[in-house]
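Quick note, the sequence shown lines up with residues 1092 to 1375 if you use our numbering.
Glycine included, every Cβ here is placed at the ideal spot set by N, Cα and C.
Below: the structure, in structure tokens.
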Amino acid sequence: MSIGDDTLVTLLSEALHYGRELAKVLLIYLVFLGIERAFPAEPGQPLRRWWFNFEYQALSYYLFLFYVYPKAVALTLGALQAAYPTWFGMVPIEGHLDATAKLLLLFVIYDFFYYWFHRWQHKWPILWEQHKLHHTEESLNATTAMRHHWLEDFLRIFFISIPMAVLFDIKPTTVGWLSAALAYWPYFIHANVRLPLGMFTRCVVGPQLHRLHHSRLERHTDCNFAAALPLWDLLFGTYCHPAQAEYPSTGLASGETADSFWKANLLPFTGWRRLWTGARRARS
């Protein structure tokens, strides 16, 4: 078999693997779609927005998440650990905690770093332009969970992965288990379901609490940044408790949307150009 044939076989194998992964995602979305249609927080959401999210993710976001991001994490952490070995693993946990305790600890720490990364995304204009695509969703549903620009996960390397690696001596297998444990949570908290958690609302993030984060109402601006534990919002003054049966409309207050494939992919870059142009005009 020639080198060209080997390459073709590899490409076909990767394409089949990617197809299987997308089929899993589509199955998850279909399950949530059934639940959302049965118990909607916002009845009558158009299916075209649901389909647009899947189409965008299949042709853009998931390609980077499945193929580019893992290599970027390995290369970045590998290079830093080789250059500065004493900077990493300040708190040894491998061999000191059992698997369950280790995952719980890392889960809490991950959510802490995610809280601050997410909060900075809303505070700093440069990060906001990258994150804004996620908030242009006017029909919040399970597919919104991965309605991110493909730059999102690269930034998480520096704001979450590297700080966690500096703190803890984490093996790749541990990271794998943690990633698997967190993989399905975003679908749940973005789901278009009427599911109040009652007395547990302050204990764990649910669809109603996170919906307030996506609300277009001014009173909900910059609240509920945590992905799993409202503890961080409570501690740092960004918690907003939903009223009974409160399920506000979602999207940007400005009304800006991104419902085309190319606009979604170019949104951060057009935003950064606008910031750059504004800064130049301010200096002149």
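Report, in whole angstroms, the separation of the C-beta atoms of residue i and residue j, which I expect to be a contact under 8 Å.
i	j	result
Ser1151	Trp1241	6 Å
Phe1155	Tyr1109	Actually they do not touch by this definition, with Cβ atoms about 12 Å apart.
Asn1144	Thr1235	7 Å
Leu1218	His1281	That pair is no contact at about 20 Å.
Leu1188	Leu1358	Not quite, the Cβ-Cβ distance comes to about 41 Å (not below 8 Å), so this is no contact.
Ala1318	Trp1276	7 Å
Ile1261	Met1255	7 Å
What would DSSP say about residue i, mapped onto helix, strand or coil?
i	result
Ser1306	strand
Thr1348	coil
Thr1329	coil
Phe1259	strand
Thr1101	helix
Thr1312	coil
Thr1361	helix
Thr1341	strand
Val1122	helix
Gly1110	helix
Arg1285	coil
Could you tell me if residue i is buried or exposed, where buried requires 16 or more neighbouring beta carbons within 10 angstroms of its beta carbon?
i	result
Ser1375	exposed
Gln1335	exposed
Tyr1175	exposed
Met1290	exposed
Ala1233	buried
Ser1306	buried
Ala1349	buried
Please work out which residues of its chain come closer than 7 Å, Cβ to Cβ, to residue i, disregarding the five sequence neighbours upstream and downstream, and give them in chain order.
i	result
Met1181	Val1257 and Leu1258
Tyr1338	Ala1132, Glu1133, Arg1285, Gln1299 and Arg1302
Ile1251	Tyr1201, Phe1204, Tyr1205 and Phe1208
Glu1347	Thr1227
Among residues of its own chain, excluding the 5 on either side of residue i, which ones have a beta-carbon nearer than 6 Å to its beta-carbon?
i	result
Trp1211	Leu1218
Given residue i, which residues of its chain have a CB within under 8 Å of its CB, disregarding the five upstream and five downstream residues?
i	result
Asn1315	Val1296, Leu1300, His1301, Leu1303, His1304, Pro1321, Asp1324, Thr1329, Tyr1330 and Cys1331
Pro1137	Ser1230
Quiz prompt | alpha helix (DSSP H) segments (min. 4 residues) lying fully within the segment 1158 to 1227 | solution = Whole alpha helix (DSSP H) segments, 4+ residues: 1160 to 1174, 1190 to 1214 and 1216 to 1226.
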